[in-house]
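Participant: If you read the sequence shown in this note's numbering, its first letter stands for residue 148, the second for the next number, and so on.
Next up is a structure, given as structure tokens.
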Amino acid sequence: MREIHPDLHTVKRPDQPLRRRLKTWCTQIEDIVGKPKKHVSDNLCVHKTVSTMSKRCFEEAQAIMVKWNNKTLRDQCSTDLTQYVFQGLQGFEEAIMFELLSGFNHESSFYEFKRRCEEVRHNKRDQTENIQKPAEGHAANVLDDAKELEAALAAKEEEIKNLIREHEKEKGDHQHAMAEKEKQMQELMKKHAEAMASHRENQTMDSQKDESRVHELEKQVALLQRQKEQLKKNASDLQERNTELEKKLSLLQAERSKAETNLKDSQKDESRVHELEKQVALLQGQKEQLKKNASDLQERNTELEKKLSLPQAERSKAETNLKVSNSSFIQFITTRKT
148 MREIHPDLHT
158 VKRPDQPLRR
168 RLKTWCTQIE
178 DIVGKPKKHV
188 SDNLCVHKTV
198 STMSKRCFEE
208 AQAIMVKWNN
218 KTLRDQCSTD
228 LTQYVFQGLQ
238 GFEEAIMFEL
248 LSGFNHESSF
258 YEFKRRCEEV
268 RHNKRDQTEN
278 IQKPAEGHAA
288 NVLDDAKELE
298 AALAAKEEEI
308 KNLIREHEKE
318 KGDHQHAMAE
328 KEKQMQELMK
338 KHAEAMASHR
348 ENQTMDSQKD
358 ESRVHELEKQ
368 VALLQRQKEQ
378 LKKNASDLQE
388 RNTELEKKLS
398 LLQAERSKAE
408 TNLKDSQKDE
418 SRVHELEKQV
428 ALLQGQKEQL
438 KKNASDLQER
448 NTELEKKLSL
458 PQAERSKAET
468 NLKVSNSSFI
478 QFITTRKT
């Protein structure tokens with residue numbers, strides 16, 4: 148499955164995964180397996196996950212396969228490499244997948260690999276629920292609408308494909324009928340020629356009977372020609388209906404592309420919401436720090452005011468003492484003058 152993927156030799160980075168939903172590749176898989184799309188999605192989903200890994204992840208997976216076949220991994224039940232070995236990696240991002248595969252390859256513990264996959268999946272589920280709660284009114288509706296539209300488009304696409312196959316079958320039946328009629332007409336023409344030759348050779352026979360036979364054969368030939376023209380007209384009508392169905396299929400594919408674009412936009416909105424939540428949390432932390440700094444400054448200001456009030460009290464006391472001493476000195480001078 149990986150060898151026939153168009154992106155295998157075009158990706159530039161070793162951490163770039165292959166496109167999982169590439170339509171031409173999925174169609175090739177259906178043709179090789181000989182099963183419909185639903186069978187491929189249900190029974191070969193793990194195979195598609197491994198086939199679309201990035202270059203570095205696939206190399207780690209190959210190393211794990213070699214160790215598995217050599218039965219050198221701990222907690223390994225058998226040497227049969229079934230799809231459940233990499234089943235826990237479905238839906239993970241490339242970086243997380245590479246970390247898990249690298250750890251599995253170097254630590255050589257199948258139990259630890261499964262435990263880490265479940266732990267990452269559990270954390271991812273919790274994060275997804277926390278992110279989706281603020282945007283539940285918008286993103287959830289967009290995702291649901293996109294999924295419903297995608298399902299409807301897939302059903303319509305399958306219906307149109309079935310109609311095209313039925314029309315192709317009818318077209319083949321008509322072509323076969325035309326060939327049979329052509330063959331019959333040739334046989335009648337041959338019989339007509341033989342009858343004419345026999346008529347020329349046996350001039351002694353009843354000419355009226357020969358002419359009646361010839362006239363009947365000509366009627367049959369004319370009837371077969373009319374049937375042939377009718378079959379050609381039916382084939383032309385089938386071709387026009389096939390063209391209309393192809394146009395409808397292209398319109399549905401365009402709507403599906405639009406729905407996928409809306410789905411990507413909704414995922415970008417979720418990422419933006421998550422980023423804004425981080426910024427809000429950071430600003431709240433800064434706000435708390437500013438409150439704490441303001442409280443510290445208030446305490447320091449109170450202490451400084453207390454320290455400043457002590458020199459002012461001493462100064463007032465000194466001024467009072469000076470006034471008392473001046474008053475006593477003036478009284479002493481006055482008394483002495485007297």
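Think of the CB as a built atom: it goes at the ideal place given N, C-alpha and C, for glycine as much as any other residue.
Note down, one range per segment and in chain order, each beta strand (DSSP E) of at least 3 residues found wholly within the stretch 425-476.
Facilitator: Those beta strand (DSSP E) runs which fall completely within the stretch 425-476 and span 3+ residues do not exist here.
Participant: Do you know how far the Cα of Ser413 is from the Cα of Ala282?
Facilitator: Interpretation of Ala282 is limited by its pLDDT of 49, a score under 50 that renders its predicted location unreliable; the figure taken from the coordinates is listed afterwards. Spanning the two alpha carbons is a distance of roughly 10 Å.
Participant: In chain order, what residues of the same chain lie with their CB nearer than 8 Å to the CB of Leu169, ignoring the 5 residues before and after it?
Facilitator: Within the same chain, Leu169 has close Cβ partners His152, Pro153, Asp154.
Participant: Are Cys192 and Leu248 closer than 7 Å when you measure CB to CB?
Facilitator: Result no, Cβ atoms of Cys192 and Leu248 do not sit closer than 7 Å.
Participant: So what does DSSP say about Ser359, is it helix, strand or coil?
Facilitator: Of the three classes helix, strand and coil, the one that applies to Ser359 here is helix, per DSSP.
Participant: Taking the Cβ atom as the reference point for each residue, do Leu398 and Lys318 lie within a distance shorter than 7 Å?
Facilitator: In this structure, Lys318 does not lie closer than 7 Å to Leu398 by Cβ.
Participant: Identify whether Met148 lies in helix, strand or coil by the three-state DSSP scheme.
Facilitator: The answer is coil: DSSP assigns Met148 none of H, G, I, E or B.
Participant: Would you identify the three-state DSSP class for Arg272, choosing helix, strand or coil?
Facilitator: DSSP places Arg272 in helix when its eight states are reduced to three.
Participant: Going by C-alpha distance, which of Met212, Thr408, His339 is nearest Leu293?
Facilitator: Per the sequence shown, residue 293 should be read as Ala rather than Leu. The candidate whose alpha carbon is nearest that of Ala293 is Thr408.
Participant: By DSSP, does Arg221 sit in helix, in strand, or in coil?
Facilitator: It is a strand residue.
Participant: Got a sec? Which residues, its chain only, sit under 6 Å from Thr199 by beta carbon, not counting five neighbours each side?
Facilitator: If we look at Thr199 and ignore the five residues flanking it on each side, its Cβ neighbours are Pro164, Leu165, Arg167.
Participant: Tell me whether Ser256 sits in a helix, a strand or coil according to DSSP, three-state version.
Facilitator: Three-state DSSP puts Ser256 in a strand.
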